[in-house]
Structure formats: C-alpha cells, structure tokens
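One structure is given here, and the rest of the page talks about it.
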Amino acid sequence: MKNILIRFACLLLTGITTSCESILQEKPHSLIVPTEFFNSEDEIRQALNGVYSYLSTTNLYRQEMTNLGDVVTDMAVSRDDLQLQYSYREHGPADKDLVAYWANLYAAVNTANTAIRGISSSTVRQEIKDPSLAEARFLRGLYYFILTNFWGDVPFWDEELVDFQVIAQLPRTPVKEVYAKIIEDLIFAENNLPVSYSIGVKNRATKGSAQALLARVYLFDQNWENAVGAAQRLIDSGTYQLSANYGDVFLESNERSNKEIIFTTEFKRLVLGTGRIGQYSPRFDREGVADFTGWGSFVPSKLLISYLDDNDLRKPQLIMTEWKGQQFSRTYWGSKFHDIGVAAGQSGKDFIILRYAEALLSLAEAENELNGPTTLAYDAINQVRARAGLPLLSGLSKDTFREALMKERGIELVGEGFRRWDLNRWGILVNAVRTVDTEDNPWAAENVKDFHQLCRIPAAELLKNPNLTQNPGYE
Amino acid sequence: MRITFQQIVMAALFVSLSHASDLHAQELLNRRVTLSVTHANVETVLDMIARQTHARFVYSHEVIRAGRPVSITVKESRLEQVLETLLQPLGVNYTVTTRGTILLKRTSGEAHSLEIPDATPLVPVDRTLTGKVTDEKGEPLPGVSIVIKGTQKGTVADFNGNYNLQLPDGQQIVVFSFVGYLSEELTLTPDRTRLDIALKVDEKALEEVVVVGYGTQKKASLTGAVANINTDKLPTSSALRVDQMLQGQASGVLVTSSTGAPGAAATIRIRGNNSITAGSEPLFVVDGIIGGGNLNTLNPEDIASIDILKDVSSTGIYGSRGSNGVILITTKRGSEGKSTVNFSMQYGLQKIPRLIEMLNGMEYAHLLNETVVAQGRPPIFDDPDSFGEGTNWQKEITRTAPLKSANLSFSGGNKVRYYISGNYFDQQGIILNSGIKRYQFRVNLDNNLSDKLRIGTSINLGHSNTNNNTTQLAGLAGSALATPPVIPVFNERGEYAFRNPHPDAAADFNNPVAAALVPTNYSKANTLLANFFVEYEPVSGLKLKSSFGTDVSFNKSYSYTPGSLPAQRWAGNGGQASLSQTQGFTWQNENTASYFRRLNENHEFDILGGVTYQQGTSENMSAGARNFATDANTFHNLSTGDPSTRTISSAYSSWNMLSLLGRLNYTFKNRYLLTLVSRYDGSSRLGNNNKFAFFPSAALAWIVSEEDFLKSQNLLSFMKVRTSFGKSGNQAVDIYQTLSTYATTPFIASDNPAIALIPSRLENRNLRWETLTQFDAGLEFGILNNRIKVEADFYHSLTRDLLLNAEIPSQTGFSSMLQNIGKVSNTGFELTIHTINLKKKHFEWETNFNIATNRNEVIHLGDKSEIITHIYNYGQQPAGILRVGHPIGSFFGATTEGLWRSQEEIDRIGTMPSAWPGMRRYKDLNGNGLFEDGIDYAILGNGNPKFFGGLGNTIRYKGFDIYLFFQGTYGNKLFNGWAAYNGSSNPVANQFKDAQDRWTPDNPDSTIPRAGGNNQPEERTPSDVWIFDGSHLRLRTFSLQYAIPLKNASQSAIKRLTVNLTGNNLWLLSSYKKGYDPEVNTFGSNSMLRGYDYAAYPNNRSFTIGVNMGL
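Below, the structure written as structure tokens:
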C-alpha cells in the first residue's frame, strides 16, 4: 500500500514512473566517491598518491617513525627531559601515540585496498592497470611490514574484504602468514613495476624498490636464499650504485639524482616540511646556535660515538660536537640529519626509505647465513666499508662476520628507522639496550625486558574488537 | 522616491480593482429556487440552494446549529422568500454582503418574529440617519450592515465605518449586525437623525483560530498543544527579529539570545534538547515555506501571527522535521473592504547596561609589581600610583548607538486583496563598528477568480548588511577585559599602543580599539522568499490546493585585516583579505486536498491529504590572499596579494525530499475529538536502506464544558482535556553523510604539491532519522466567562537513534563512524494563565503568565557512559561532558575548597604537594590522596533552567496603552570562560576588581588567589569557581503608547496617530556580575554547549520613541 502511494506521489510530482529511490539518490558534485572513481589514468594517479601519502604523515616518516625505530637502541637515545618516556617503562611513547600509529597504518592499508579494488574494476587499459596495481600492492606490503615490526601478529585484510563489520572483528593473523601475503604483493610489484620513471622521481615504487623491500622482508623472515636472490637481482639490474661519498646521499640537492637512493618519501620546505630534522638537530634553546632551530630530541649514543674512530669517513656525517667553533654541551648528530637555517618542523629533506647500501648489507648477511662468509658476502659488505674509508674485512668466521655486519648496519643505517627491528630479529634487543650508558638514559638498561620486542596493542582497540589479544608482557 | 514608487504600485492595483463588479444583493435574492426535502439537515438544504442560485453561504455550524433537520417544499420561489421560510423558525438571521455572500447568524437578543413581506413595500422617505460604527476600541468597522427591522431596506457602513440610512417616518427599529460582533437593535425616536454606535465583540462567535500545519483550526477544537502569539498585542520595536518576539511569550519555549550582536540569531528550545549532535532548533515555516527565510530579512511588523506547534500531534504533520517543534509564521494579508495605509517610524538609543568591574590602572600596576617581585624579579613600575584610573577598555570600545526604523504598509482590496509593505531598519551596535541594516519589501496578494477558485501569493524581498564586530571582549591578548589598563589607547606618537608591560606576556596583540576600528568585516544577505498558490473548491467543503514556493538566497562575506593593525604590523604581515559567498536555492511544491463534512448533528470530519516535494541546493565559493602591499584595495583586488598565499575553495550540495501527509480530525457530538496525523518522508540524505520513514501520531480531546452536566453552572465557561501520542523526527543526517568519500591530503610529488586522495568516510547505508516519541496530556479551562483562562500540559518524550560518532576498531581504516545509537528523554510541565483583571469602559488590564519546567536526561550513549564535549581552550582540560543519567550539556571541572591558607596546610593535607599558599585548593574526588587535573573532576551543573517563563501586563486607559513584560529563568548555570584569566590574580591579563582582596599572608581567608602564582596549569583548571548562577528576572519591555485623539479623523489625511515610548531590558535581577548578561550562549544553537559565556557581545539596553500613523 505504502509503495503504491509513494509511486503515485512520485508520478504526480516528478513524472518519474520507475522508482522513487532514484530521485532521492544523492549526486555529490563536489565530493569524490571512491566507487565512482578510477575512470582514467589521472584519477588512478590521485588515488595512488593517497596511498603513498601516509608515508609522509607525522606518525610515519615525517617525524615519529624514527622514535620507535631507532630510539632507544644501542645507537640512539633520547634527550634528557624525554628519557622517562623512552626508557622501556612502556615501549617507546605512551599508549595514545601507539593508538595513532596503529590507526594511521590501518588507514594506509584501507587506502591501498580501496585503490586496488578500484583499479581492478577500472576500465583503463591493462598497461596502465598492472603497474598501478603493482604500486598499490608494493605500498600495502610496506605498510603491513611496518605493522608486523611494531606488533608481530596483526589483523590482515585485503581488497577482497568489503564488509566493515567483518573487518572490525578480525583477529590477529600469525606474522608468518602476513609475511607470505607481503611477499605475494612484492613479487607482483617486482614483476609489474617499471625500472624507473622520468628523471628524478624517487618517491614512486619501481622494480628496484620492490626488490630492495623484498630483500629486507626475506631477511626478516630468515629466508636467506630468497633474500640473496632478491638483493642479487637488484644489484645485477645495474640501475643503482653506491654514491662515492656517504654524505652526498643525504644532501637535499642530491636527493633526486643520486643513484644510491631507491625509494623515498618527499617533503617540501614550508609546504609539507618534515619535523624529523628538528628532532635530530641541536637544541636551539640550549645551544643557541642560529643555524639550528632543532629540538635535539634524539642524540647519538655513547656506543655509537665510540664506534666512530677518526678513520671512519662517516663520522662528520653522523656526529658533531661543535659548530663554527662553538662547542656544544653534548654530542649531536652530524650532517646526515642537518638542514641548516630551516625552522625545526619545516625541513624539505626527503626521507630515504630504501637505498642501495642496505641492499648490499642484506646480501652480505643472507649470504653469510646461507653459505658462510663467501666472496659474495665479503664483497657486498666491503663495498660499504670501503666507501667509509675503513679496512676491508677478510678471514672471519660465520659468527664474527655476523657480528661485524651487525655493527656495520648499526653505523651505516642509523636514524633510518629500523635499528630496533634489526636488533629484534637478531634476538639481541635486550642485550643491545643494556649497553646504554646511564648518562644516556638512566632507566632503559634496567627496564628493558624481552617482551619489549613488540609494542603494546592499544588498549582501546582491544575494547573495540574483543577478538584481539594483547602481546605478552602488556596484559 | 520610495513613496512615489509605491504610489505607482498602488495606482496600478486600484486600476485592476475597479474592474471587480459588485453583485447586486437584490438581484441575488430574486433568484428562483425549487426544492422538496424532508428531514434533511440545514447544511444540506443550504448546499442545494447554493447550487441552484450560485449564492454563497457563510455561517458557523455551531452558531446556527446546521445539523438540525428541516423540511421544506418550495417551487420557483424567490430566494429571499425561501430563506425567510427556512431560517426564521430556526432563529437564524441573514445578511447579504456587497459581494453576494449570504451571512447566516443566530437571531440576537430575545426571540422576535420577522414579518414575511410578500413584496418589499415602498416606504416613504422621511429623514436620513447618519452615524459611525466602531468597535469597542473606537476603531471604525467597515462593512457593518444596518437594516430597518422588518424590511429589507438597509445599508452598509463604508471603509471608515460611516453610514447614511434613509428612514421612513415614525419610530423605527434599526438593526446593526456584523460577523463576529453582537448585533444591536435600537429603537429610534422619530426625530433622531444621528447615531454613532460601538459594536461589542461576540466572544462566542469570534472563535480564536490558530494556524496549524497545512490549515487552520479553531483553538477550542484543537487536540494538540499549540501556542499562539498574537503579534498585535506586542508593541512595535520591542523585538528587532522574529525570534526575539517569541521570548517569554509561550510556555515551554525557551528563547535565549546567543549574543547581543545586531542581527544575531537567538536559540530556541521547544520542550528541551531532543538531540545531541543533530541540532535542536525548531523548524520555521514562513508562509508555508518549510525551513524558509532568513530572519534578518523578515520584517517583524509584517507578521500577523506566530503559532508554535509543541506536541507530536501538531508537529507530526511535518514528520521527519518536526521533533524540535515547529514555528509557523503567517504574514499579514489584505482583507476585504478595509483599505488602510500605515506608516511608522522609530528612533532609539542603545547602550551597554553595565561594565564589568576591573582593576584600574593604579591597582593593576601594584598587582603587577607584587607579582614580579614575588617571582624574584625587579618591580616593573617605579610609581604605580601615577597611572590613576588608567584606560577603561570596555568604555573605549563601546558606545551609545542609534537605532532607526521606518515602515510603510498598504492593505485592503475587494476581490483582489493586497498587503504591501516596505521597511528600512538600521541598528548600530553598542560595540564600535558593528551593526546591521535591512531593506525589505513585501507583496501579499489574494484574488478570487470565481467563487470556487482562489489564487494568491506572498513575496518577500530582503537585503541585509551586517557589520561584524572585530574586537574581542575577552581573551588572553588584545581583548577589552584582558588588556592592562596601564596601556593608553594611543602612544605618544599617536599610534595605537599595544605592548603588554608583563614580562611573560605575548609580545604582539591588538589594541582593542584598533581591532574594532581598523579591520573591515561585513556580510550581505539577499533573500527572496516567495510562495504562490491556487485553491479550487469544486463542491462545498472540498478544497484542492496547490502551492509552489521558493527560497533564494545570496550571501557574501567580506573581510580585510590591514597590515596597519598593530598585531599584523608587528608580526611583519601585510594585509589579509578574504571573500566568501554562498548561494542557496530551495523550491517546494505542495499539493493538498481537504474535505470538511458534517454528516449530521453528531459527526464532523475534516480530512487532509497531500503530497509534497522539496529540493534544495547550496553552492559556495571563497577566496583569500595575504601580504598585500597596499591596504587601498582591501578585498576588491585579491590578485594583488602574495601569489603563494592565495587560497580558494568551492563546494556544492543538494538534497531533496518527497513526502506524503495525511490528517483526520473527527468530532463527535461537538465534544469528543480525535486527530490522526501521519507523514511519510523520503529523503536523499539517508542511507539506501532507510530512505523512507513513517511518522504517525494520534490525539484525543474531550470538551467537558459541552457536557450537559456542566451547562447549568456559571463558574466554568470552558474546559477541555486532551492527550496525544506519536512520533516525529529530526532530519539529522547531513547531506552526503551516508556516502563513502575521498578527501584530499597533503602530498608532494616531484617537488610540487600534488593531489592525493584518501578515504575520509565509511559508507553507512543504515543511517536513519532521529525519532522522537512523545506523550502529551493537556488541560484547558476558562472560568468566569473566560476572564481567567488556563492551559496546562505535561509531556514526556524519548528521542531514539540519536546520531553519535561511535568508535569502531581502527583496523578498518577508520576510528569512528556516525551511527544511530543515543537516547535522550525530556519530561516537562507547562502552564499558561491569561486573565482579564479589569474590564471597564476606559480601563482594562490583562495579564499573561507562563511558566514551564523541563528535565532532560541522557539515557544511552552506545558503548560509552560519557563523552567529553568541550575542552577549555585556555587550559586544554575537559570542561563539558555528556554523561548517562545527566542532562545534555553538563559542565565539568574540579571542585574547589577555597585557597591553600598556609604551607603547613599544604603539607598536612598533601593532596597538592606542589601547591603554594594562596593557590586554589581543589578537592581530591577519587580519594587517592592526590588531586589530579583532568581526573578529579565532577559535573558542576548545566545551562538548562529548572523553570523559565514570562509575565506580560497590558493596561489600557483611555488612549493610553501600557505594556510591561517580564521574563526570566531559574536554576540554570553559566560557565564563564574568561574568569580563569581575569580571576587568577595573574596580571598577564587585567583582573576583576575583587583581585584587590587577594590572598596575602595577612589575608589568609581570601578566596582570590595570591599574586605571583604565575602561569601555573592550576590557574586554568576549570572548576566550580567559574560556574555561576544564571537565574534572572528581566523587565524585558516597558512600553507606553498614546493614541492622540483626532477631530474629524475620517475627513483628515491622518486617520489615526499614536506615539510610543519603549524601553527594552530596563531592569535585570541577577547575581551574575562577572559577565555582562546571564542570558548568553556563546556556542549558539549547539545543544551540548549551552550556557557557556566566552564574553559574548553584550545585550543592550534601549529606549525607543516612535510614531504610528494610519492614513
């Protein structure tokens, strides 16, 4: 009866005989609805930019990533008034920050899934579709990889799942299975991404990006053979090479032409500046050096300083004790982290997420684990050491090679956001943090426990999804 | 020039009027009728006669008791004769109007017999009787019929109530009759030639009619709770906007001005807050246009009546938009036969009623010295006494502001009736450089194309220009209350002075006077509100009506902050400009059919059905730029701003609604009433799974006084009990809220900003209306011939499916989602009493009193038990909360126990170990031994009054009218949002005068913190110290009006002349001294944030003189 009445009313008022629902459909001209998007290459580009955009958010590489990735480890510690926060009372920052990291990473996953779904059903040509899907899947793999490093087993869902009620109730998926999915995405990406884009585009995933990330993931998965394979493919492609000089890699002027850089996320001064540089630069309020307006939130550990003998060419890039003749009250980071004269939160320096030196070290490590210190392994690590002006390694046992490699990764890759993950996979986080001097942090060495390898699952998420379980030690 | 233009319009109208020919009464009465009916009711017989003769009968069913059975047989008889035969035995009289309508009414006075003449006898003319007919107030009554008794001989009074009647020789009886008035029969002596007469209103026949949705209804037979505001009784210039006219006038309708700024909207709550996030403002229906109109471009003087639908059986006809109550505004229309021109002018002066007492220059200087010395720094001023009074910034930014208004209206007509008006209104604000101007023009027309077909239109064109206030009253830097009195307005170089002497104060802020005078900030609104209708009545009682209405608006805002403004200059910023414009277009088509039928004495039906469609679109665009090299172009040349600072945005939205509506009113035996109402609404805003919703309601009433057992007494003149139950809704879902959407996010690609899209909202196809279910029970009675009328209502409502942002697991990619989860209830009681205290010939005194109470309670918040609704912006601590079991909009904060009197006390109690003597002592509420900021907080009251109401007195003495109107609230609390910095004893801002009584070791019992406790978080803790009692009683309006007696008024150009003197807001009883006015709502219509005072623009006190002329 109601329907007849409505149909009658519709007919009377609008002359539409089909369905009233149709005249009550919303037509949002000033909004973009994902289900009606992805109709052209440009639309796909904008949606993919959205998937990339999470990399440059504050909770990832714009600022906070290094807090959890490098602080507090054997290489980097927090400044004195932040020490309590970074002293393993909690794991890293407080719970409210973890909520934000968790939410941000899953927002990224959702954005990737929405894009993959949209691109898959798009009518654009297959030549556009495949590389676009590959970019989205590369990023989804990266985001899940970061999630597993923070929390271990995490809820996993991909574009196949559309019902948010189901997604909301998903339990945690074992990290091994998540790795399998990540690897699946990255292999697709490797097979479908272009070798390069136009000159200077470093913030879009390439075949090399997929290979470099794949090498890292296999390494973390202790799948040595595939790690060697992925790294080898990257090296053999000849697309990338070590920069002659360590410092050149991190110069803003070089960041789009340097052949060592594989994948970055871009920042631009005053438009989308990064606060990471501010966190690593000398404290303006304490040191009063006009060239630096930083907060000095994080500083090199005493261990790192002791590692850097005067022969190491990386020393001025990594640490600094004075500026233009003015002595600092303590040791700060060197030029790798500088952006002279720029306000603390406004640096335009890109964040290098993947670079060639890491791939070499990954190859060396995987090869050593697989076959012992072979020529291949020595050659890879020695390329990095040679550039640093250090003596080449030789004649090591498998174990001593591993130790040298751990130290080399610590120095070479410090502040790039994954030292703690390395320590975790080697199972030496607790021992490494116990090397932290009490002057660097009075509590960390004492507080750190095995369970700190993983972060606390945010309490609010456990309440909202009863199928989630807490990581051990945080219950 | 304006008048000339209107004269042209008038002339054009009169030309068209002259074509309307009058039907000659006698011709009508000569028409022939053939009839043979037995035992049919009077109404049916009249219908049959009407069909044969094309006569039109107008009568009240009750008055002539049209359900009575009659029998009549006539053949080819003259209508006149038939009417006499039919009506005379029934005790019913008739008169024929100039337009050929036959008015039927009960024969007045004692029964008398009319002779039935066979033919009209020729009466020899002997003399002429002249005179004037007026109502009891002396207003002329045009159209009164004057008939020589026993004949058909008579005349009709002209527009001015004057008449000439030729009387035959000898003593005659003359009958004066007019619809709605008691007929008068007077026996005239043979020598009488002059007779002026005042007709009395027939209280019974003149039944109060109220406008209900899609129709009108007699007040006596209403089954719902409807408040009618008779705007005639309100003095002009007592309210500048329509919403202000409602204040205190109707029980259960709480009107609060949010700020005193000219043109600012008041917030209205009818029967409490029914929603949390979706808005609780009532629906306005202006001349049938739903949600139409900008109240700033509507002229209060055009309004004929305001009807407020309160219970669900009356709001239910508006379905999904009715749950917050409905305000129906009906504008004046021309009425037949009466041609009037009305001109009025007002001039007023407004001022700030009082200033908040702050420290003067000398007192402030001493406090600042004491503060820095306590902090171990050298004193700032060598000679604090030299500052004397210093600068009173409140005085500097306020002024006595003029108010001007002029109004001209024409109304009248015959077949075409018109009401045309124009209005100019100019209100300057009491703060420098603020105010509003309005220009408005209205045309309302009605035309009877035939007896069955009527067309009409209402058109309102308006323009308003609001000059927005740009200075702040309170705030930490640059506001009138914070700026230290030791700073002069101008420094010795003649520039605006600005530097705060406190060493910890922010360096750059605006001098309040500069902030008021230097920027340019205004907004213009242009509106067209128009409605056209055609009504066809194919058979008596059946009306088909179709209307087409539109609401068009074009609003634009202009803002320029010059580089010369101190804060801009010292920050090295150039000028900053922005422009934004919004265009709105809404149209609606409504088609209704109504049928009225009285079957017999016992059954009466009034049925309404309709279909409506409404569509609205809104477009906006804004642009801005900064760092203008020159201030010369302001916002008129945005392209000269720094290219890198340009901003631009635009948006578009549209919505539509399709509805079916129906209403049945059934009356049994004139005393048992039933109303069934339903509306079926479909809306584009809702999710695909819930596009349509059904809102039914039912009401019953019993007019007890119609029962025989109450007819024999004289005390109770009227009594009705009524009850209603049903549902209405709140159109809560914002446009496009159910769709998943992409939003842009910052992203850099190849060194340039690029568009990047990320999902910003989860699709929710299940979103529904918020639904209110309400029960209402009412009692109305009148005693002593309705000298005392009382109306009382009890109601209880429950709103379900309230929209709240529910938290969802973040693993979905979203942290929250809008869902229908909340519940809230309102329970209340309303009482209205109207009394005629005195009614003498020259002295009348009437009183209207209303009071209401409402209890609001949050019942359910989904999976949460509380939600923080407000973070105090100074201290970044929670200051407002929604908590289950408490009303919406509860204040939240710490509980104080005075100050810490000594270090010994701090050490002994130990709840605030780092406190110092003279600091506020907050209670450790959770008993864990420590006061924790943000945690040891409790609910500190809310902004909803326990009782509120109004009391109006109208006194008429000869030509004088006095109107006294009081309005007040009791039991509401206020959160004073600036007391934290003006009452902390921290001289970074100037302090309240009571800082003079601050804590010192010699004054340990003080409750005012000591100097020197600089900038600690505890100064900014929201606490009960900042909660004040908002109860108040206000003499809202005092008005004195005098009608100047005019000789020969009917001949002179000026027919009527009154002068008036009105005072608004003359007296206020309130304990709230740390704010300007207890009636304040800084957050406007937001239900969660009521009673917050963040130094809103103060309400003014005004005196207005005016003159009102009838031409």
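Quick mapping for you: the protein sequence lines, in order, are chains A and B. Per the numbering used here, the first sequence starts with residue 157, numbered consecutively. Per the numbering used here, the second sequence starts with residue 5, numbered consecutively. Yeah, the Cβ is synthetic: ideal placement off N, Cα and C, and Gly gets one too. Computed from a predicted structure; not experimentally measured.
Identify which residue in the options has its Cα closest to the Cα of residue i.
{"i": "residue 749 of chain B", "options": "A:193, A:214, A:191, A:447", "result": "A:214"}
{"i": "residue 374 of chain B", "options": "B:990, B:1047, B:1056", "result": "B:990"}
{"i": "residue 953 of chain B", "options": "B:941, B:1039, B:897, B:960", "result": "B:1039"}
{"i": "residue 937 of chain B", "options": "B:972, B:967, B:898", "result": "B:898"}
{"i": "residue 490 of chain B", "options": "B:841, B:367, B:612", "result": "B:367"}
{"i": "residue 546 of chain A", "options": "A:562, A:537, A:557", "result": "A:537"}
{"i": "residue 601 of chain A", "options": "A:454, A:325, A:229, A:436", "result": "A:229"}
Using a cut-off of 7 Å between C-beta atoms, extract the partners of residue i located in chain B.
{"i": "residue 320 of chain A", "result": "766, 816"}
{"i": "residue 362 of chain A", "result": "Correct list: empty, because the minimum Cβ distance to chain B is about 14 Å."}
Mapping the DSSP letters down to three states, classify residue i as helix, strand or coil.
{"i": "residue 182 of chain A", "result": "coil"}
{"i": "residue 288 of chain B", "result": "strand"}
{"i": "residue 767 of chain B", "result": "coil"}
{"i": "residue 603 of chain B", "result": "coil"}
{"i": "residue 734 of chain B", "result": "strand"}
{"i": "residue 516 of chain B", "result": "helix"}
{"i": "residue 446 of chain B", "result": "strand"}
{"i": "residue 630 of chain A", "result": "coil"}
{"i": "residue 1 of chain B", "result": "Only positions 5 to 1115 of chain B appear in the structure, and residue 1 of chain B is not among them; the question remains open."}
{"i": "residue 201 of chain A", "result": "helix"}
{"i": "residue 321 of chain A", "result": "helix"}
{"i": "residue 13 of chain B", "result": "Here residue 13 of chain B scores only 37 on pLDDT, less than 50, and its place in the model is too uncertain to base an answer on."}
{"i": "residue 1103 of chain B", "result": "coil"}
{"i": "residue 962 of chain B", "result": "coil"}
Would you say residue i and residue j are within 7 Å of each other, going by their C-beta atoms?
{"i": "residue 274 of chain B", "j": "residue 329 of chain B", "result": "yes"}
{"i": "residue 448 of chain B", "j": "residue 459 of chain B", "result": "no"}
{"i": "residue 171 of chain B", "j": "residue 131 of chain B", "result": "yes"}
{"i": "residue 400 of chain B", "j": "residue 517 of chain B", "result": "yes"}
{"i": "residue 430 of chain B", "j": "residue 408 of chain B", "result": "yes"}
{"i": "residue 614 of chain A", "j": "residue 255 of chain A", "result": "yes"}
{"i": "residue 345 of chain A", "j": "residue 207 of chain A", "result": "no"}
Can you list the residues of chain B that residue i reaches, using a CB-CB cut of under 9 Å?
{"i": "residue 356 of chain A", "result": "754, 755"}
{"i": "residue 311 of chain A", "result": "813, 815"}
{"i": "residue 258 of chain A", "result": "814, 815"}
Under 8 Å Cβ-Cβ, which residues of chain A neighbour residue i?
{"i": "residue 744 of chain B", "result": "189, 190, 191"}
{"i": "residue 759 of chain B", "result": "202, 205"}
{"i": "residue 660 of chain B", "result": "179, 180"}
Output, in chain order, the set of chain A residues within a Cβ distance shorter than 7 Å of residue i.
{"i": "residue 655 of chain B", "result": "186"}
{"i": "residue 812 of chain B", "result": "324, 620"}
Residues of chain B with CB under 8 Å from residue i, in chain order?
{"i": "residue 209 of chain A", "result": "749, 750, 751, 760, 762"}
{"i": "residue 220 of chain A", "result": "The contacting residues do not exist; residue 220 of chain A stays about 16 Å from chain B at best."}
{"i": "residue 262 of chain A", "result": "814, 815, 816, 817"}
Counting only Cβ pairs nearer than 9 Å, list the residues of chain C close to residue i.
{"i": "residue 427 of chain A", "result": "Annotation note: the requested chain C is absent from the structure, which comprises protein chains A and B."}
Discussion item. Across the segment 311-319 of chain B and the segment 263-270 of chain B, are there enough close Cβ pairs to call them in contact, namely three or more that are closer than 8 Å?
Written reply: Two segments are said to touch when three or more pairs of C-beta atoms, one from each, lie closer than 8 Å; by this definition the segment 311-319 of chain B does not touch the segment 263-270 of chain B.
Item to complete: Say whether the segment 353-361 of chain A touches the segment 496-505 of chain A, bearing in mind that this needs 3 or more beta-carbon pairs closer than 8 Å, one atom from each stretch.
Response: Output reads no: the segment 496-505 of chain A does not touch the segment 353-361 of chain A.
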